[in-house]
Amino acid sequence: MFEYPPILLSLITLPLLGILTIIILPQNQIYLTKLVGLIISLISFIVSSFLWLYFDLSTSRYQFVEHFFSVPYSNINVFIGVDGISLFFVLLTTFLIPLCLLASWDNVKTSVKEYNIAFLFMGFLLICVFTVLDVLFFYIFFESILIPMFFIIGIWGSRERKIRASYQFFLYTLIGSVLMLLAILIIYVQTGTTDVQILNTISFSVDLQFFLWLAFFASLAVKVPMLPVHLWLPEAHSEAPTAGSVILAGILLKMGSYGFLRFSIPMFPEASIYFTPLVYTLSAIAVIYTSLTTLRQVDMKRLIAYSSVAHMGFVTIGMFTINLQGIEGSIFLMLSHGIVSSALFLCIGVVYDRHKTRIINYYSGLTVVMPLYSIVFLFFILANMGLPGTSSFVSEFMVLIGAFKCNIFITILVASGGVFSAAYSLWLYNRVAFGNIRSTFINNFQDINRREFFIFLPCIILVLLMGIYPETFLKVMHVSVEHLVDQVH
Amino acid sequence: MNFFNFFENDFIVILSEFFIFIAIIFLLSYGVIYSTSSFYKYPILSLNINLLALLVLFVAFLLCLNNSLPSIIIFNNLLVVDFFTTFVKISILLNSIFFTLMSFNYLEYNKINSFEFTILILLSILGMLLLVSSYDLLSLYLAIELMSLSFYILASYKIKSEFSGESGLKYFILGAFSSGLLLFGFSLLYGFTGMTNFEDIGKLILGIGSLSDTLSYKGIFIGIFFISIALLFKVGAAPFHMWAPDVYEGSPTPITALFSTLPKMTLLVLYIRLFFCTLYDFIILWQELFLICAIISMIWGSVAALSQKRIKRLMAYSGIVNVGYMLLGIASGSITSIVGLLLYLIIYIIMMLGFFSFILGMRKFKTYSLNNYLIDLLNIGKTNTIIAISLALILFSLSGIPPLAGFFSKLYLFFAIINSELYGSAILGVLSSALAAFYYIRIIKLMYFENLKKYILYKSIDQSNSYVLSISILLLFIFIVSSDALLFSCYKIGLVLSL
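Just so you know, the protein sequences line up as chains A and B, in that order.
Just so you know, we're using this note's numbering here: the first sequence kicks off at 1 and counts up by one.
Just so you know, we're using this note's numbering here: the second sequence kicks off at 1 and counts up by one.
Shown next as C-alpha cells:
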C-alpha cells in the first residue's frame, strides 16, 4: 500500500507553529504579524489540497489515518483521518481562514497579534474537529472553539451590543452541549470506547438510542442552528467583526450538521429514523419562518444570518432523508453555503469599512459609484437564492430530489422557501445597489480595491465550478455517503 | 522501655507532623520572647515568622516525600499512613507552601503585626494533616477540633472590621454546633458498637443490611446520620451552607483563600476514608443524603452566585457549587469516583490558588487596597494584559470549558457518576455547571468587553503572588499535555483503598 506523508498531522501542527511564531514576534511588528498569519494559513491550504490529490475515491474507509495521542489509563486512543464526508470541511476551513485574515487586513487595528493568534487557533481547532475520529475529542474540540470565538466577538466586535451577543453565543452553546458530554460518557461506559470506527459497528438498544440521539440533538441543534434555539445566531453574526461572521457562517455552523452526519445518523440509526419527522418539521418551519423574517430586517448582516438559518434548514432536511441524493445534496449545500454566505458577509464588510453602517436604509444607488462591487455582490446574491449555474442551485435541487423520495408535503413546503429566498435576496440587492445615489456616497466613495478583489475571485471561481460541474466534488463523496446510507438501512 | 522505643516505627512515619508540631512550639517561644523584649524595642515579627513557617512547611514537605513505609497503622490504631494519606499530605503541604507565599503581601500591607497569625495557620495545617491520617473516631474528633479552633480565631483576625468579628462568631457558633452533632453521632456509634476504630467498625457492620430491623442497626443508622450531617456542616454543603458566604466575606482575604481550598480537601478525603472504607455497608443511607445535598448545593449555589457583587461572596457560592460536585462524586461510591474526586479536588485547589493569588496580588495604585467588588475588575484586560489572560484562563477552567484542566476534572467526575448510573443527578449536575458558567463568564466580560471608561490603576503584582499565579497556570496547562503522573497516583489510590 502507498505510504502517505503525514499530511493531517502537519496540517494540525502548522497553525500551532504560526501561533508560536506570532507570540515570539514583538508587539509593534504589526505588518509582520499579519504576514506570518496569512502565510501560515496559505501554506496549510496548500497542504490540505494534497489531501484531495491523494484521496482514494474507491473506498469508504477513513484515509490518512494517524495516531494522534492516547489518554492515559483509559481505552481512548485518538486517531485522525478523513473520508469523503469530512474531506471538504477540512478544505473549507483552510480555504476560509486566509480569506478571513485578508478581509481584516486593514480594518482590525487593535490587538492585531491576539487577533491573528485567535484565528490560527480557531483554524487548528476546526481541523481537529473535522478530522478527529473520536466522539469525546470531537466534543472537546467542538467546545474549545467557544473560547476564541467568544473573544473574537467580544473584543473586535463592532457595537455596544456585542457583549450581549458574545454572552448569548457562549451560553446557548454551552447549555446545549453539556448534555452531549453526558451522552458521550454513557457511550463510553456502555461500550468501553469512544472511537468512531468501532462505534459504527456497535448497535445500541433502541431506548438508549433515543436518549443519546436527543442529547446529541440538544447540542448539535444549537450549533446548526435549528429553529427554537437559533436566536443566538443573528446576534452573534451582526455583532461579530466581518471575519468573525465569515468563519461563523462558513464553518462553525457546519460543525453541528457534520456532527449529525458523523455521529447521530450512523450510530443511532433507529432513533434517527424515529425522530425524522421532528427534524423535518423544525427544518421546514425554519426555512419558511426565517425566510419571512429576513424581509423585515434592517441590518444587512442580520438578514444574511437569518438566510443562513433557512439554508441550514435545507441541510438538515437533506441529511435526514437518508438517501444518496439527499445527503450528498446537504453536504454540497454546506460547502456552497460556506462559500456563498461567507462571500456575502465579506461584501457587507466592504461597504461597512467604507461607510461604517450596516443599516440597509442608509444605502442606495451603489451601482453608480461602485460598479465592480455591485457585480460581485449581485453574483453572490444570485448564488444565495439558488440561480441555476451556481452551486446553491445544484445542492438545493439535490436536497429536494432526496426529500421528494421521502415526504412530498415537506418538499413542497421547503421548495416554497426558494421563492422566499429570491424575494429577500433581490429586495436586499434592490435597496442597496439601485435607487437614487446618496450625496454622501458621491463625496466619498471607493470601489473594491485589489485586496478585496482577490478575496472575492476564488469564491466566484469556486461557486461557478461547483454550479457547472459539481461532479468534481460529488465523486469524492459518493462512496462514503453510499456507505453511510447502507449503514442506516 | 522508654517512650520512644514503645512506638518504634510510629514516629518515623509521621515525622512531618512531628516536625511541624515542634516547630510551632519553637516559633511560638521565639515570637513571645523576642517580640516582648524591650531591649530590642518590641520588634514586629509577622514577616519573619511567615518566612520561617515557609521553611518549616518546606522541610515538612520533604519529610513527607521521603516517607519510607508504604502502609502502616500507628499509635494503637489511632492513625493510619498509607499511599493515600501520603499523597494527600503532600498536596496539602504544597498547597500551604503556596498559601504562605501568597500571604506575605497581605501581612505587609494590611499591617498584621502579630505573629500568631502564621502560627495559627500552622496549627490548622497540623490539624489537617492529622485529620487526613486519623483512623479512629477519637483522633478524628481531636484533629477536626484542632483545625476548626484555629479557623475560628483566624476568621475574626481583622480586628478593625465588624464583618470579621461577625464571621468569626458565626463560624464558631455553627462550627461548635456541628461539632456537637458529630460528637453525638460518635457516641451513638460507640454506644451501639462499642468500638471507635474505623477498621473494627467496618468489620463489625459488614453485611449488617440483613439485620435492618434490630435496635442496634437503627442506632448505628441514626449515629451515621448525625455524623454525615455534621460533616456536611463543616464542608459547607447546601442546606447547611448558611455560614459560608458570611465567613468568606468577613475573614481576611488569605484566610478566605485558605477556607476555600484546604478544609474542603481534607474533609472530602475524610469522607472517602470514613464512608468508603468504613461505613460502606450503610451506602443506602449516605448515598441518598449526599445526593440530595449535592443537588441542592449545585442548584442553590449557582443561582445565588448570579446576583453577587462581592468577589469573596461569589467565591463562597462557587465553593458551594463545587462541594456539590464533589459530594456527587462521593455519592456515586465506586473506585472510579475516588479517582474522579481526587482529580477534581487537586485541580480545583490549583485553580483556587491561582485565583486568590490574583486577588491578593492586585493592589490599587494609591490606596493599596484589594479588590473587593467584581466591578473593580473592570477593564483589567486593557490595563494588565498578561494577568488578565491568566485570570481568564482560570475562570474558563473553573467553568469547565474543554481544553483546560477544569474540564477534565469534571469529565472524570461525571464519568464516575454515569458509571454508577445516577443519570438524573448527572443531568442536573451538567446543567448547573452550564449555569455556573454564567457568573464566571461575567467576570471575563467585565475584564475585557465592558465599554465603561473607568480604569483602575494597579500596583504591579507582588513577586511571590506572581510565582503562585504562574505556577497555577503552568500546572493547568501541564495537565492538558501530560496527566500521566497525577492519574497514576489517583488510580493507585483507588486500588489501594479498594483492597
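Beta carbons: idealized from backbone N, C-alpha and C, even for Gly.
Note that the coordinates shown come from a computational prediction; the quantities given were computed from them, not determined experimentally.
Cutoff 7 Å; reference residue i; Cβ partners in own chain excluding five residues on either side
i, result
"phenylalanine 393/A", "Gly386, Leu387 and Gly467"
"asparagine 361/A", "Val298"
"phenylalanine 69/A", "Val78"
"arginine 438/A", "Ser364 and Gly365"
"proline 470/A", "Phe332 and Val394"
"phenylalanine 322/B", "The amino acid occupying residue 322/B in the given sequence is asparagine; phenylalanine does not appear at that position. Cβ within range, chain order: Tyr348."
"valine 129/A", "Phe138, Phe141, Phe142 and Met255"
For residue i, three-class secondary structure by DSSP
i, result
"lysine 410/B", "helix"
"methionine 1/A", "The predicted position of methionine 1/A is uncertain, since its pLDDT is 47 and thus under 50; no value can be drawn from it."
"arginine 363/B", "strand"
"glutamate 421/B", "coil"
"glutamine 297/A", "coil"
"glutamate 66/A", "strand"
"leucine 91/A", "helix"
"tyrosine 73/A", "coil"
"glycine 192/A", "coil"
"isoleucine 72/B", "strand"
"phenylalanine 79/A", "strand"
"asparagine 105/B", "helix"
"valine 340/A", "helix"
"tyrosine 373/B", "strand"
"asparagine 77/B", "coil"
"tyrosine 491/B", "helix"
Neighbouring residues, chain A, relative to residue i (Cβ below 9 Å)
i, result
"alanine 305/B", "None at all; the shortest Cβ gap to chain A is about 15 Å."
"glutamate 450/B", "Ile163"
"leucine 431/B", "Ile175, Val178 and Leu179"
Partner residues on chain A for residue i, Cβ-Cβ distance less than 8 Å
i, result
"leucine 487/B", "Pro72 and Tyr73"
"alanine 294/B", "Those do not exist, as alanine 294/B stays about 16 Å from chain A at its closest Cβ, beyond 8 Å."
"lysine 445/B", "Gly154, Ile163, Ser166 and Tyr167"
"isoleucine 427/B", "Leu179 and Leu182"
"alanine 434/B", "Leu171, Leu174, Ile175 and Val178"
Listed by chain order, chain A residues near residue i by CB distance under 7 Å
i, result
"tyrosine 491/B", "Tyr73"
"proline 402/B", "Ile140, Glu143 and Ser144"
"isoleucine 396/B", "In the sequence on display, residue 396/B carries phenylalanine and not isoleucine. Those within 7 Å of phenylalanine 396/B in chain A are Ile147."
"serine 483/B", "Pro72"
Beta-carbon contacts of residue i that lie in its chain and below 8 Å, excluding the five residues immediately before and after
i, result
"isoleucine 343/B", "Checking the displayed sequence, the identity of residue 343/B turns out to be leucine instead of isoleucine. Excluding sequence neighbours, leucine 343/B sits near Phe408, Ser409, Tyr412, Leu413, Leu486, Leu487 and Cys490."
"leucine 32/A", "Leu25"
"methionine 1/A", "For methionine 1/A, the predicted structure reports a pLDDT of 47, less than 50, and the residue's modelled location is therefore unreliable. The matter cannot be settled from this model."
"phenylalanine 226/B", "Leu181, Leu182, Phe184, Gly185 and Leu188"
"histidine 478/A", "Leu57, Gly84, Leu324 and Glu328"
Under 8 Å from the C-beta of residue i: neighbouring residues of chain B
i, result
"phenylalanine 170/A", "Ala437 and Ile441"
"tyrosine 258/A", "The premise fails here: tyrosine 258/A is roughly 17 Å from chain B at the closest Cβ pair, so nothing lies under 8 Å."
"glutamate 160/A", "Asn451"
For residue j and residue i, believed in contact at Cβ under 8 Å, the rounded distance
i, j, result
"valine 13/B", "asparagine 67/B", "7 Å"
"methionine 226/A", "threonine 316/A", "7 Å"
"leucine 99/A", "valine 246/A", "7 Å"
"serine 337/B", "isoleucine 320/B", "With 8 Å as the limit, serine 337/B and isoleucine 320/B do not qualify as a contact, their Cβ atoms being about 20 Å apart."
"lysine 160/B", "valine 247/B", "With a Cβ gap of about 18 Å, lysine 160/B and valine 247/B do not count as contacting."
"valine 399/A", "glycine 318/A", "4 Å"
"serine 421/A", "asparagine 384/A", "7 Å"
Own chain residues within Cβ distance below 6 Å of residue i, not counting five before or after
i, result
"histidine 230/A", "Val309"
"serine 71/B", "Asp82"
"alanine 284/A", "Ile410, Leu413 and Val414"
"leucine 502/B", "Shown here, chain B extends from 1 to 499; a query on residue 502/B therefore has no answer."
Chain B residues whose Cβ lies nearer than 7 Å to that of residue i
i, result
"leucine 185/A", "Phe414, Phe415 and Ile418"
"valine 189/A", "Ile418 and Asn419"
Contact with chain E by residue i, beta-carbon distance below 8 Å
i, result
"glycine 244/A", "Structure shown: chain E not included; protein chains present are A and B."
- Item | Residue ranges of each alpha helix (DSSP H) within the region 6–40 of chain A, 4 or longer | DSSP runs (the alpha helix (DSSP H)) wholly in the region 6–40 of chain A: 7–24.
- Message: List, from N- to C-terminal side, the alpha helix (DSSP H) runs of 4 residues or more that fit wholly inside the region 431–455 of chain A.
- Response: If we require 4 residues or more, the alpha helix (DSSP H) runs fully inside the region 431–455 of chain A come out as 439–443.
- Item | Complete runs of the beta strand (DSSP E) confined to the region 131–171 of chain B [at least 3 residues] | With a minimum length of 3 residues, no continuous beta strand (DSSP E) run stays inside the region 131–171 of chain B.
- Whole alpha helix (DSSP H) elements within the region 265–347 of chain B, 4-residue minimum: If you keep only unbroken alpha helix (DSSP H) runs of at least 4 residues inside the region 265–347 of chain B, you get 283–305 and 311–332.
- Item | Length-filtered (3 minimum) beta strand (DSSP E) runs lying within the region 354–427 of chain A | The qualifying runs do not exist here; there are none.
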